[in-house]
Structures are given as C-alpha cells and as structure tokens.
DNA sequence: GTGAAAGCGCTAACAG
DNA sequence: CTGTTAGCGCTTTCAC
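Residue numbers (my numbering), protein chains in the order written: chain A, 1 to 333; chain B, 1001 to 1333.
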C-alpha cells in the first residue's frame, strides 16, 4: 500500500496542499517546511499518483507514439528523436505497435484517449481509413509522421517522397536502365502513393515509357517484397533496374534476387528507400534514399509539444529532405 | 470537453452507477435501461476516463514493457509475443526504451509506478544495479526477460545462455578451430556473463586452452563489436574462430572482418547469438544461436498476468531452449 | 435491479 | 505563505 500525499503531510506536520506545492515547485514554501516535506517523502518512499494528478489537472506528461510496424528499423531512430526532445521538456514517451492493423490502431488511440495522454505521434496504418476522431474529440493533439492523414487537419512531419522517388528513378535511368521496375507500397498509404507518382515522373523525365507490368504493389513487408520480385523476374522481359519503396521489402527483394541468381548490379541495378543497420556490411553496398529519421522524430515531438503547450495555429506540415546515397548496387559503370 | 459518465447518465435518464454497471457488465441491468445507456454512449461518443477508473479501482489494464535497446531487432518479436497474449486478456501494452541507461530505466519504472500500470516486463540494463524497488513498493508485478535480476526475487524468462554458448563453442572447435575468440557482452548483464562462462566451458570440453587475449568485452552494440573485432585481428596470432554474444555486435564484427579482408569462414569461422532479419540474405549464411524470441514474450506476459491476477506463489524462472542453427559462416569443411 | 452517497489521491481556489 | 475545502470521473458500498 503506497504512501499518499496525506501520509506525507502527516509525517511532515503540514497540509497536503503544502506537500503538493513543495513537490510541484510552483509556489514558494518556507525552507523549513520544504525540508520536512522532502524528508518525509524520502522516508516514506512517496511517489505521487499519476492517475490522481492527471485526473485533477486534466493532463498527463506522457506522450504516445503509435507506430505501424515495430519490426521496421526505421522507427527506433525516430523514437529516439521523439524521446530526446520530449525528455528535455519533462515528458515521458510510451510506444505502441499497430502492426499496420486498423483495429489495433484504433485500440491504441482509444488507450491514449482513455489514459488522457498529453499528445500522440502517429504513423497511420492507412491514410484514408485511420480514424483519429477519438483523439480530437478529447482535445488530444496529434502529429502524423511518415504518412499523411488527408482527412484530418493535423500537424505532420514527412519527407518529400515524390522528389526522392523521382530522383532515384532518374538515377537508375542515368545508369543506363531502360526497364525500371518499382515495388510500390500499399495504395492506402500516402507514402506508397507519392513514391509511385515520383517514380512515374522520373520515368517521364528520363524519356522512358511507363509499363504497368513493371509496377508491383506490396505491403511494406519482407514477404511482400520477396513475392513481388519473383513476379517481376517472371515477366517476359526482365527489368534491368529496381526501385523498392521501403527497407523491409528491399530485404525480401534482395533475397529473391539472390535465390534466382540475379546479379546486382550486373543484371539489375538496385535502389531502395530507407537504410537499415546492415547496409554498411552488405555487398554490394546499397544505394538508398536515406531519410533523416532521428530528425523526423525530433521535429514531430517539437510540433506536438507546441500544441500541448496551447498553440492553436493552423496545421503545420514539415517536409524534411531525403538524400539519395549512391552505393554499388545501382552502379552499372 | 469529453463527455463524462454523468452526461451519459443524464442522457439515458439513469444514475451514473447504472451506466457504470452497464459498461462493466458485472451486474445485471434491465434490458431497457441497458439499451438507453448504450445509445447515449454512442451518441455522446463517451469514453470512460481511464485515470478516474484507475484511481478508483487501484488498477489499470496497461502493461509496461521496458526494454534495453529498441534498435535491437531481438525486441520487436518479443513485444509481439507480449502483445498477443496481453490483448487476448484485455490488456494493452506500452513500451519504453532505456537505451541501456540506468537513469532512463529508473525514470520509466517510475512512470510505470506513477501511472499505476498493472504490471511490467523488464529487460534490465544491469543485473546488479537495476533497481526495481519502486515497483515492488507499489505492489506492481514484474517479470524479467533476457537478463536475470539476482537481487530481486522476481519471475523471469530466459534462455539457457550457458549451454547455448558452450554448444556454439564446441561447434567451432569441431570445425577445427584452435583459437576461438569471444566478443562478450557487458559484465553487468547476466547474459554477458553466462555466455562467457559457457564459452569457457566449451573450450575446456574441447580440450582447448583459454586465452584471455581472445576474450573482448563490448557493449552489445554495433560499434563495440566492430572495435573488439579490430582489436582481435591486431593480436599476434589471429583467431580462427569467433563467437559474438549478440546480433548488433555481430553486425559490427562482420563489417570489421570485411574491411580487413578477412574471409568468413575461410580465415575465420563465425557464430553469433540472435538472428536478425537480414540473416537469410547474407552470404555466407550465418550460423546463429537462435532464441525463441516470440515465445519469450508470450511466456513473460503469461507469468505477469498470473501475478496481476493475484498469484502469490514463489518466483518462477522459465528457461527456454535456444537452438544452434548451422549456416555457412562456421563451416570449415 | 436501481439510485444516492462516499471516496480513490491529488491540486486549484479560496480564506486567512 | 499556509491550511481548508471542494471536486476531477469513476466505482462501490449501502439503502431502498
């Protein structure tokens, strides 16, 4: 049975209000009382009850980060960015993983609302079907990351997916590729759509035709990338260039290429979105569109805490630059 | 301003108590009232305030998972195991990342206590210095995973690190390695210590001498594995076998070997703990000690929820088997 | 079966 | 500057 503020007050021979004042440091308290309170707190091992405090103040100091796939190495670094900024402002960060599942996502947004979290950073499972009304109804600020949320008028931090995909495609074309394939993400995600559009723009700019057979949809996961690659390799005329829309699918694609004895970059030049930790050890070294992952998290936390602090301005979209890092995998001499 | 239980009660022309009874379904309520309540709940978009409920019932339905390094691919799958079990029992799971930092760890345990989480699964940053008293004092059940917590008498789920390291070492010896090196984890972690002891036992069983120069401590991170490997390669007589105590360090080790032009397995046979997602695409395929990661999470959640449910028995330690998966990286013909 | 009332632990408002 | 009082939203006696 943990000590309550009344226990501390009794032990320090002051009122509960004084204990509260000492602990929250808003109001000046005489030094002697302050010392007595601190002593009592230590002696009793008192920890304020966050539930009671949150109930009373109608605000907690916990931020929720709801991400779409915890196995994607993209997120850890983003979370670090969030944490570093949040903790410097006295907030704690808890994570939840939706697994790209709208039902789980809804459940976690409900948890965030029920626990009255101060704010939420969300990587939406779907740009169209994700429903954030449970947060807005409770006045809980939200920042979208990675994927846009067109329906809701909320802050967001993204990269310029269109330009990045276009640049990657043009790079492949400049390497002499004539049949550049794309493994696209789910049409439900803005990321998937923008990267597809950028790819098409890159083909046009390079004077290459757009062959629907060269575009495969997959689910942003390893298995999807693997299957899509097998499908692409089974086409009449194999592609000579491949752009993969995220890192997990790239993993699957590389595995499929390897199993099929396709040489990278000899037979097919290869570019993917998002680095992963193994990139430096992989041979050939990979050409990747590298996102400023940590910075995405940091900026998202910054936007969010501004809202938590009462900022009521119009929704802000922050677009950070992604960088095409050229390795051996796309280099056809 | 979200709707409260009183709003719902007023709208349904019943008392708040009745609304509560309907929502929690413990007590029978007349069908007509029940329908009115449900209608009001939907119409007002009512969500019970978890803080108020938790304050009143002295229990929440949130489990905390506090892990030591979110960038380690070991954890996501474990978390899945926790989530799957927890959600089937009506609990939500939130994560926190300590980054192997005792200060962050303490802060998150305090958050868990302040938020009165129902229970905590912890991968301790240090077997000796991690302090879980803030949880025990509040009666919050705890399950340790991956690393033991010798000071505290708590439940835990682990693998048999000693046996696994020994088996891996004997495997290397059986491949003809005479100078088997180990990149060990921090001595602060039980995992690091047990794997070291198992390695030594493996050497003894294989009739090989134990050369302290062949053992390097590192920090379970990529950079540490990289540096340790460079150090090992700089010794007078290079090792011909290498066992690495976790996946992230293995990544660094592989990078160092590659940069130094050391052939795997030709010059050095290689085994590491924990698979990672890229393992299938890596050539040579890796020999790894594979942990039942998902199962570790599932069992941890199971133990934890038993405690949450009031189980007061003695501390249980679950030891799951790890499996040596032999690939090309350790095969010297 | 249902309502009224009390109280979980805390802080904000109000006196003093 | 400090104490008293009230109440955040919910569940749980206790009456009826």
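Where a beta carbon is used, it is the ideal one built from N, C-alpha and C, also for glycine.
This structure is a prediction, so every number in the text was calculated from the model and none was measured.
Problem - C-alpha distance - residue 67 (chain A) paired with residue 153 (chain A), whole-angstrom precision - result: In the first chain, the residue the question calls residue 67 (chain A) occupies position 67. In the first chain, the residue the question calls residue 153 (chain A) occupies position 153. Spanning the two alpha carbons is a distance of roughly 19 Å.
Exercise for the section: Put residue 1072 (chain B) into one of helix, strand or coil per three-state DSSP. Expected result: Counted from its first residue, the second chain places residue 1072 (chain B) at position 72. Residue 1072 (chain B) falls in the coil class under three-state DSSP.
Practice task
Spell out whether any CB of chain B is found under 7 Å from the CB atom of residue 242 (chain A).
Solution key: Against the first chain, residue 242 (chain A) aligns to sequence position 242. Residue 242 (chain A) does not count as touching chain B.
Handout entry: Through-space distance from residue 1262 (chain B) to residue 1182 (chain B), alpha-carbon basis
Key = The count along the second chain starts at 1 and reaches residue 1182 (chain B) at position 182. The count along the second chain starts at 1 and reaches residue 1262 (chain B) at position 262. When rounded, the distance between both Cα atoms is 17 Å.
Problem - Contact under 7 Å by Cβ, residue 1244 (chain B) with residue 1272 (chain B) - result: Along the second chain, read from residue 1 onward, the residue named residue 1244 (chain B) stands at position 244. Along the second chain, read from residue 1 onward, the residue named residue 1272 (chain B) stands at position 272. Their beta carbons are under 7 Å apart, which means residue 1244 (chain B) touches residue 1272 (chain B) by this criterion.
Exercise for the section: Grab me the residues of residue 143 (chain A)'s own chain with a C-beta within less than 6 Å of its C-beta, minus the 5 sequence neighbours each way, in chain order. Expected result: Reading the first chain from its first residue, position 143 is the one you call residue 143 (chain A). Cβ within range, chain order: 121, 155, 300, 303, 304.
Practice task
May I ask which residues mark the beginning and end of the alpha helix (DSSP H) holding residue 5 (chain A)?
Solution key: The residue given as residue 5 (chain A) occupies position 5 in the first chain. Residues 5 to 12.
Practice task
Return the first residue and the last residue of the beta strand (DSSP E) that residue 216 (chain A) is part of.
Solution key: For the purposes of this step, residue 216 (chain A) is taken as the residue at position 216 of the first chain. Segment 215 to 217, the beta strand (DSSP E) holding residue 216 (chain A).
Exercise for the section: Would you kindly report the start and end of the unbroken alpha helix (DSSP H) that includes residue 1326 (chain B)? Expected result: Here residue 1326 (chain B) refers to the residue found at position 326 of the second chain. Segment: none, residue 1326 (chain B) is in no alpha helix (DSSP H) and carries neither H nor E.
Exercise for the section: Check whether the Cβ of residue 1096 (chain B) lies closer than 7 Å to any Cβ atom in chain A. Expected result: As a position in the second chain, residue 1096 (chain B) is number 96, starting the count at 1. Residue 1096 (chain B) counts as touching chain A.
Handout entry: Any C-beta of chain A under 7 Å from that of residue 1179 (chain B)
Key = Counting from one through the second chain, the residue named residue 1179 (chain B) turns up at place 179. Residue 1179 (chain B) does not count as touching chain A.
Problem - Contact the segment 109 to 121 of chain A vs the segment 310 to 318 of chain A: 3+ CB pairs below 8 Å - result: no
Practice task
Look at the alpha carbon of residue 251 (chain A) and the alpha carbon of residue 1051 (chain B), and state the distance between them as a whole number of angstroms.
Solution key: Here residue 251 (chain A) corresponds to residue number 251 of the first chain, with the count starting at 1. Here residue 1051 (chain B) corresponds to residue number 51 of the second chain, with the count starting at 1. For residue 251 (chain A) and residue 1051 (chain B), the distance between alpha carbons rounds to 43 Å.
Practice task
Please check if any C-beta of chain B sits within less than 7 Å of the C-beta of residue 51 (chain A).
Solution key: Mapped onto the first chain, residue 51 (chain A) falls at position 51. Yes, its Cβ sits closer than 7 Å to a Cβ of chain B.
Handout entry: The beta strand (DSSP E) enclosing residue 1242 (chain B), as first and last residue numbers
Key = On the second chain, position 242 is the one that residue 1242 (chain B) refers to. 1241 to 1244 is the span of the beta strand (DSSP E), which, as asked, contains residue 1242 (chain B).
Handout entry: Contact test: residue 1004 (chain B) Cβ vs the ligand ZN heavy atom, cutoff 6 Å
Key = Here there are no bound small molecules, and the ligand ZN is not part of this structure.
Exercise for the section: Look up residue 1317 (chain B) in the DSSP assignment and give the residues it is bridged to. Expected result: To locate residue 1317 (chain B), count along the second chain from 1; it is residue 317. Its beta-bridge partners are B:1156.
Handout entry: Contact set for residue 141 (chain A): own chain, Cβ-Cβ below 7 Å, skip 5 residues either direction
Key = Indexing the first chain from 1 puts residue 141 (chain A) at position 141. Cβ within range, chain order: 119, 304, 307, 308.
Problem - Positions along the segment 73 to 94 of chain A whose CB lies within less than 9 Å of some CB in chain B - result: 73, 75, 76, 77, 79, 80, 83, 87, 92, 93, 94
Exercise for the section: Express the C-alpha separation of residue 31 (chain A) and residue 1315 (chain B) in angstroms, rounding to a whole number. Expected result: In the second chain, residue 1315 (chain B) corresponds to position 315, counting from 1. In the first chain, residue 31 (chain A) corresponds to position 31, counting from 1. Taking the straight line joining both Cα atoms gives about 45 Å.
Practice task
Look at residue 180 (chain A) and residue 322 (chain A) and say whether their C-beta atoms are less than 7 Å apart.
Solution key: In the first chain, counting from the first residue as 1, residue 180 (chain A) sits at position 180. In the first chain, counting from the first residue as 1, residue 322 (chain A) sits at position 322. No. Outside cutoff.
Exercise for the section: Using only alpha-carbon positions, find the residue among B:1274, B:1241, B:1248 that is nearest to residue 1264 (chain B). Expected result: In the second chain, counting from the first residue as 1, residue 1264 (chain B) sits at position 264. Of the candidates B:1274, B:1241, B:1248, the one whose C-alpha sits nearest the C-alpha of residue 1264 (chain B) is B:1241.
Exercise for the section: Rounded to whole angstroms, what's the CA-CA distance from residue 350 (chain A) to residue 1078 (chain B)? Just pull it up for me. Expected result: There is simply no residue 350 (chain A) to check, as chain A begins at 1 and stops at 333 in what is shown.
Problem - Backbone secondary structure at residue 296 (chain A) - three-state DSSP - result: In the first chain, counting from the first residue as 1, residue 296 (chain A) sits at position 296. It is helical.
Exercise for the section: Assign residue 1042 (chain B) to buried or exposed, taking buried as 16 or more other Cβ atoms, counted over all protein chains shown, within 10 Å of its Cβ. Expected result: For the purposes of this step, residue 1042 (chain B) is taken as residue 42 along the second chain, with counting starting at 1. Residue 1042 (chain B) comes out exposed.
Exercise for the section: Answer with yes or no whether the minimum CB distance from residue 115 (chain A) to chain B is below 7 Å. Expected result: What you label residue 115 (chain A) is simply residue 115 of the first chain in a count that begins at 1. It does; some Cβ of chain B falls within 7 Å.
Exercise for the section: Throw me the rounded Cβ distance for the residue 130 (chain A) and residue 102 (chain A) pair, which I believe falls under 8 Å. Expected result: One-based indexing of the first chain puts residue 130 (chain A) at position 130. One-based indexing of the first chain puts residue 102 (chain A) at position 102. With a Cβ gap of about 7 Å, residue 130 (chain A) and residue 102 (chain A) count as contacting.
Practice task
Run down chain A in chain order and give the residues with a C-beta less than 8 Å from the C-beta of residue 1207 (chain B).
Solution key: In the second chain, counting from the first residue as 1, residue 1207 (chain B) sits at position 207. Per Cβ cutoff of 8 Å: no residues; residue 1207 (chain B) is ~33 Å from chain A at best.
Handout entry: Assigned exposure category for residue 13 (chain A) - 16 Cβ within 10 Å defines buried
Key = Within the first chain, numbered from 1, the residue matching residue 13 (chain A) stands at position 13. Label assigned to residue 13 (chain A): exposed.
Handout entry: Cβ-based neighbour list, residue 1106 (chain B), same chain, cut-off 8 Å, excluding 5 preceding and 5 following
Key = Taking the first residue of the second chain as position 1, residue 1106 (chain B) is located at position 106. Excluding sequence neighbours, residue 1106 (chain B) sits near 1131, 1134.
Practice task
Quick one: grab the DSSP three-state call for residue 1185 (chain B).
Solution key: What you label residue 1185 (chain B) is simply residue 185 of the second chain in a count that begins at 1. In the structure shown, residue 1185 (chain B) sits in coil (DSSP, three-state: anything other than H, G, I, E or B).
Handout entry: Any beta strand (DSSP E) of 3 or more consecutive residues that is wholly inside the segment 1062 to 1107 of chain B
Key = 1062 to 1067, 1092 to 1097
Handout entry: Secondary structure of residue 1115 (chain B), DSSP reduced to three states
Key = The residue labelled residue 1115 (chain B) in the question sits at position 115 within the second chain. It is coil, neither helix nor strand.
Practice task
Report all residues from its chain with a CB closer than 7 Å to the CB of residue 125 (chain A); omit the five preceding and five following residues, and keep chain order.
Solution key: Numbered from its first residue, the first chain carries residue 125 (chain A) at position 125. Cβ within range, chain order: 68, 98, 100, 101, 102, 105.
Problem - For residue 127 (chain A), the first and last residue of its enclosing beta strand (DSSP E) - result: Locating residue 127 (chain A) in the first chain gives position 127, counting from the first residue. Element bounds for residue 127 (chain A): n/a, residue is neither H nor E.
Handout entry: Contact check, residue 1248 (chain B) vs residue 1288 (chain B), beta carbons under 7 Å
Key = Along the second chain, one-based indexing puts residue 1248 (chain B) at 248. Along the second chain, one-based indexing puts residue 1288 (chain B) at 288. The answer is no: Cβ separation not under 7 Å.
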